[in-house]
Each structure stands twice: as C-alpha cells, then as structure tokens.
Amino acid sequence: MTSGKISKDQIQKIVLSGIGFIALVYVYFTFFLGPLNKGRATAETAIADLQTKLASSKTDMEKSRNLADRAAAATNRFAALKAMSPEGAPIAWFPPRIKILFANQKIDKASIRLESSEPFTASEMAEWSAYNWIIDLPQTDFATLGQAIAELENAEPLLAVNKINIKAVGDDPQFQQVTLTATSTLRK
Amino acid sequence: MALHLNLLHEEITELRQRQRDPLKIGTKVLGGLGALMLLFYAFKAYQTLQIKSRLSSVEREWAKVEPAVTAAQKRTAELNAIIGTTRVLDATVDDRFLWAPLLQRVSRCVAPNAQLTSIAGTSTENGKAIDLVVEGIAAGREPRAAAEELRQLLSEQLGEKYGRVKVEFKMLEDLDTLVNVAGANMAMSRYIISASLTPEHTEGAKPTVPRAPKP
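Chain order of the listed sequences is C and L. Numbering-wise, my numbering puts 62 at position 62 of the first sequence, and it's gapless, one number per residue. Numbers in my numbering are just positions in the second sequence, counted from 1, shifted up by 1000.
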C-alpha cells in the first residue's frame, strides 16, 4: 500500500463515518434539541399567556367591583321586577291576582283569559315572555273603571293595555261593559 | 555520514496506516462533535429548566388568583345581563301608554246633555300612537252643537297632555226620537268622534280642530 493514495477500504470507512455523522446530527436535532426547543417555546408561550391573564385579572376584578357599585340600582330594580313574576305558570297566578286587584276596586265580576304568549327575541330577555290577556269586566261604572285601570297600571308596571273597549249596558246606561286587551311581560 | 538502517520499516508503516485510518479519525471527529453537541444540549436544557421553573411559579401565582378572577368575570357577566334586562324592562314600563289619565280627561269633557255609549281605544306601534273612537248621543235644542262642544272639549283636553291630537267627527246625524230632559222634550243626535294622538306632548303643537260636518 502506498502512503499517498486512499484505498477502497479507506473510502468505505470515510463513507461510513459520513453516514454516522449524518445519523448523529439527525438524532441530535430530532430527538434531543428539537423537543427541548419545542418544550421551551411552549413554556414561553404559556408564561406570556399567564402573564397577560394576570395583568388583565387585576383590571377585571377592578371592573367587576366598579360595575357592582354602579349596578346596585339596576340590581334592586331587577329584583323588584323579577319578584312580580312568582314561580309557576303565569296562567295559574296572573288571573287570580288581577281579579283580586279589580275586586279591591269594587269590580267583582272580572274574567281574565290568556290569549297568547310569545318569547322575546332579544338575548337579554331570554328568560321573559310576553303574555297577551283579555280582561272582561261585564259591569262597572266609568269612575270606578277609571280608578281600577289607574290602580292596574300602577300595580302592574310590566302590563300594558293595548286595547280598551267600553260599552254602555243596554238596559242600564249607568253601567258599562268593558274589555281590555293587555300584554304583560313575565318570567317564563 | 553514518548509514542508518530502518529495521522497523514495516511496523512503522503499519503504525502510520493505523494512525491515518479514516474510520478512526471519523470516530474521533464524531466523538468531539458529539461532546460539543452534548454540551450545547446541556446548556439548552438548563435554559429550558429555568423557563419551566418560571412557568411553575407563574402557574402557582395564577392558581391563587384564578378563582377570584373567574368569580369576578362571572359576576360581571351576570351584572351586564341584569343591566341589559333591566334596561329593556324599564323601556317596556316607560313606553307603555297609560289609559287612566286619558279616561279621566274624557270624563271631564262629557256635559249632562251628551251621553257616551261606547269608547274604543287602541294603542299601536308599542304605545307610540293612540286611536280613540267615542260614540254617543247628544240632546238639546241644538243637539249637533252639543256634540260639537264635546268634540271641541275633547280636542282641548287631550291637546293639553298629548301630542298630535286630531279629533274629528266620523258621523253626526239627527235622530227622529225626542228625549225628555228636565221636563222638556229635546231633539237628539247620534255621533261618532274619532281621535288620534301620540303620548308625548309636543310644545307649541296645537290640536287640530277640523270643522264640524254640515247638517
């Protein structure tokens, strides 16, 4: 063997070393450095996220406190309006309540029936529905009726009278027959 | 010059060949590279461990704060929902039309010689417009004048409180029958008065008073 030339055996060994080098680099980057870098990047992202959350959490809590202070009136008002809709189906408790109201105004023969009901489409009113009622008062006089309607409108702020029909009773024009069509906003 | 005999020529050649063995050199280079890579890996791993330790401390901090933040966010959402609902409900309460004051004003307009037989009221456009139809009988020497007086009174009374008040006769006709009022026979007229108005009173807006239809 001469000293200047590379033998076939040596070439094979060089190729083998090259393959070994490539394999080493591949294994190093794929199974060692890659996952390590990935893990580090994930941790850095998580830290950034958490720090953002921590920074915004103080603002959120401050906002919540301020909102609670500002919303005190709205909360009380909401509680009062909510309390006007007892538990249970409105058909069960609304007509008796209105009957009592008219009875207290000296109108005894009141008949209240549900015509229809429909839910509100607005998202903030998801728990509320509009109920349409027909209130028949077969015999009353005008002054008493006026007072009773005033009382109804004051006592039931979520009730709006849409139609009112007052007709004199044939035999006794002192008395009137009244039909009210009203919509009340009640909790489902 | 002394003669130098190399008796170990073959052994030296073999030694040199062994030293120049590419596989051996390659193994050494690979080993060196591997060591460098390992060092670099160790450095990176140390950095990663530091970052993970920082992450753990931030996570602990967040775990302490999170329940309070979640509760605050939930409360904020609840309050916003309550405020939104209350706003809509308040609008419902404020926008409805109140009939009792209207009936009170109608009652003020009815003179003893005018009788109402029917009142029909309708609130349209969510209480933004009101239509009223009043039907009745007027008696007197001039029953039509009595009916006109009622119409004018209605227009005045409603115009004081409501906006865009328009009161007009839909029908006014004489009846053949006479009625006894305070011992005197009086002629009668039947009328239908229609009124339209809006709940808001507009300053300076005067009620429209159309003329009564001719007999």
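Even glycine gets a Cβ: it sits at the ideal position worked out from N, Cα and C.
Asked                                                                                                                            : Found
Whole runs of the beta strand (DSSP E) within the segment 1122–1209 of chain L, excluding any shorter than 3 residues            : 1129–1140, 1163–1181, 1184–1198
Boundaries of the alpha helix (DSSP H) in which Ser1057(L) is found, first to last residue                                       : 1022–1095
Interfacial residues, the segment 1155–1185 of chain L to chain C, with Cβ spacing under 8 angstroms                             : none
Option nearest Asn154(C) by Cα separation, candidates Thr179(C), Phe102(C), Gln174(C), Glu44(C)                                  : Phe102(C)
Straight-line Cα distance separating Ser1057(L) from Asn1126(L)                                                                  : 59 angstroms
C-beta atoms of Asn162(C) and Ser1118(L) nearer than 8 angstroms                                                                 : no
Lys8(C), enclosing alpha helix (DSSP H) - first and last residue                                                                 : 8–27
Thr121(C) (DSSP reduced to helix, strand or coil)                                                                                : coil
Segment contact flag, the segment 1058–1078 of chain L with the segment 60–77 of chain C, C-beta cutoff 8 angstroms, min 3 pairs : yes
Buried/exposed call for Thr59(C), threshold 16 Cβ in 10 Å                                                                        : exposed
The beta strand (DSSP E) enclosing Pro138(C), as first and last residue numbers                                                  : 128–140
Proximity below 8 angstroms, CB of Val1165(L) to CB of Leu1172(L)                                                                : no
From Glu1156(L), Ala1138(L), Arg1151(L), Tyr1162(L), residue whose alpha carbon lies closest to that of Val1179(L)               : Ala1138(L)
For Arg187(C), the residue or residues it bridges with in DSSP                                                                   : Trp128(C)
Chain C contact residues for Tyr1041(L), given Cβ-Cβ distances below 8 angstroms                                                 : Tyr28, Phe32, Leu33, Leu36
Glu1061(L) at chain C interface by Cβ criterion, 8 angstroms                                                                     : yes
Range covered by the beta strand (DSSP E) that runs through Ile164(C)                                                            : 159–168
Residues near Lys99(C) in its chain [Cβ-Cβ closer than 6 angstroms; skip 5 each side]                                            : Ala110
Beta-carbon neighbours of Ala1085(L), restricted to chain C and to distances below 7 angstroms                                   : For clarity, residue 1085(L) is Thr in the given sequence; the question names Ala instead. Within chain C, the residues near Thr1085(L) are Phe78, Glu124, Met125.
Where Pro86(C) meets chain L, residues with beta-carbon distance less than 7 angstroms                                           : Ordered by position in chain L, no residue passes the 7 angstroms Cβ test against Pro86(C), which lies about 17 angstroms from the chain.
Identity of the residues DSSP links to Gln177(C) by a beta bridge                                                                : Lys167(C)
Local conformation of Leu114(C) per DSSP, three classes                                                                          : strand
Beta bridge counterpart(s) of Leu1294(L) as assigned by DSSP                                                                     : Only positions 1001 to 1215 of chain L appear in the structure, and residue 1294(L) is not among them; the question remains open.
Helix, strand or coil at Ala1114(L) [DSSP, three-state]                                                                          : strand
Expected contact under 8 angstroms - CB spacing of Leu1089(L) and Thr185(C) to nearest Å                                         : 7 angstroms
Three-pair Cβ contact test at 8 angstroms for the segment 1012–1022 of chain L versus the segment 172–183 of chain C             : no
Selection from Val1106(L), Arg1018(L), Tyr1046(L), Asp1095(L) that minimises the alpha carbon distance to Ser1155(L)             : Val1106(L)
Residue-level contact to chain C via CB, Pro1112(L), 8 angstroms cutoff                                                          : no
Among His1009(L), Leu1005(L), Arg1016(L), Gly1026(L), nearest to Ile11(C) - alpha-carbon criterion                               : Gly1026(L)
Reference Phe1040(L), options Thr42(C), Asn37(C), Ile112(C), closest by Cα                                                       : Asn37(C)
Proximity test, Cβ basis, 8 angstroms: Pro1199(L) and chain C                                                                    : no
Candidates Ser85(C), Pro90(C), Ala143(C), of which the one nearest Leu1102(L) by Cα                                              : Ala143(C)
Selected residue, minimal CA-CA separation from Leu33(C), among Val1029(L), Tyr1046(L), Lys1028(L)                               : Tyr1046(L)
Interface residues of chain C facing Met1037(L) [CB-CB closer than 7 angstroms]                                                  : Tyr28
Cβ shell of Glu127(C) (< 8 angstroms), same chain only, five flanking positions each side left out                               : Arg187, Lys188
The alpha helix (DSSP H) enclosing Asn66(C), as first and last residue numbers                                                   : 34–70
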